[in-house]
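Shown next, in structure tokens, is the structure this report addresses.
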Amino acid sequence: MKGNLSKLQNEKGLAANMNRNLKIRIINNKDDLVEGTFCYSLFEDAIFNSDLLNELISDSECFFNNNEYDEEVADVLSWLVKCVNQCFLSNGEKNDLYFIKNYSAEMESKWNDYWEPKIKKLLEKNIMSSKSSS
């Protein structure tokens, strides 16, 4: 019986640690000076790294599936949507010095039709779950 309790406590500790690590990885995107994040790639290197974006979305889904609504994580995702949209707007402006080095119309279309709606749906789902648990 003691072994089962110890195992359960270890599993809870591992889950809490995983959640902390996921949250840190998500929040690190708001600091565009943290190398290896989607935001660093887009803002500092001017490269839209779809692999890092997919990883960020996956981390966010996993985090929200295993936790109550978290305002800090939600704020990062809302901020991200605004910033990426601004990057695409700036990229299209001839007088703007910012441009996405690996830009393609297909990438922008995928952002508008797939990634952005996926993030917004994730946010809406979690906002609704926080209201229903109140």
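If you count the sequence shown from 1, position 54 lands on 352 in our numbering, and the numbers rise without skipping.
The beta carbon of each residue, even a glycine, is placed where N, CA and C say it ideally should be.
Residue i, buried or exposed, once every other Cβ within 10 Å from all chains shown has been counted against 16
| i | result |
| --- | --- |
| L340 | buried |
| I322 | exposed |
| Y338 | buried |
| L395 | exposed |
| L420 | buried |
| L378 | buried |
Span separating the alpha-carbon of residue i from that of residue j
| i | j | result |
| --- | --- | --- |
| L306 | S376 | Its pLDDT being 47, under 50, L306 is placed unreliably by the model, and the measurement read from it follows with that caveat. Distance between the alpha carbons of L306 and S376 is about 35 Å. |
| D329 | E391 | 25 Å |
| E422 | N319 | 23 Å |
| S358 | I324 | 7 Å |
| E366 | M316 | 15 Å |
| F362 | E370 | 12 Å |
| Q384 | V374 | 15 Å |
| D343 | A314 | 33 Å |
| Y412 | K380 | 15 Å |
| K418 | S407 | 16 Å |
| N393 | I355 | 32 Å |
| G334 | P415 | 24 Å |
| V382 | C360 | 22 Å |
| V332 | N364 | 25 Å |
8 Å contact criterion, which residue i and residue j should meet: CB distance rounded
| i | j | result |
| --- | --- | --- |
| N424 | A372 | 7 Å |
| N389 | F397 | 5 Å |
| F346 | M405 | 6 Å |
Where the alpha helix (DSSP H) containing residue i begins and where it ends
| i | result |
| --- | --- |
| F361 | 348–364 |
| E370 | 369–390 |
| A344 | Taken as a continuous stretch (DSSP letters only), A344 belongs to no alpha helix (DSSP H), as it is neither H nor E. |
| S402 | Counting along the chain, S402 falls outside any alpha helix (DSSP H), and DSSP gives it neither H nor E. |
Subject >> Contact between the segment 349–357 and the segment 395–404 (3+ Cβ pairs under 8 Å) >> reply: Touching, no, given that fewer than three Cβ pairs across the two stretches are closer than 8 Å.
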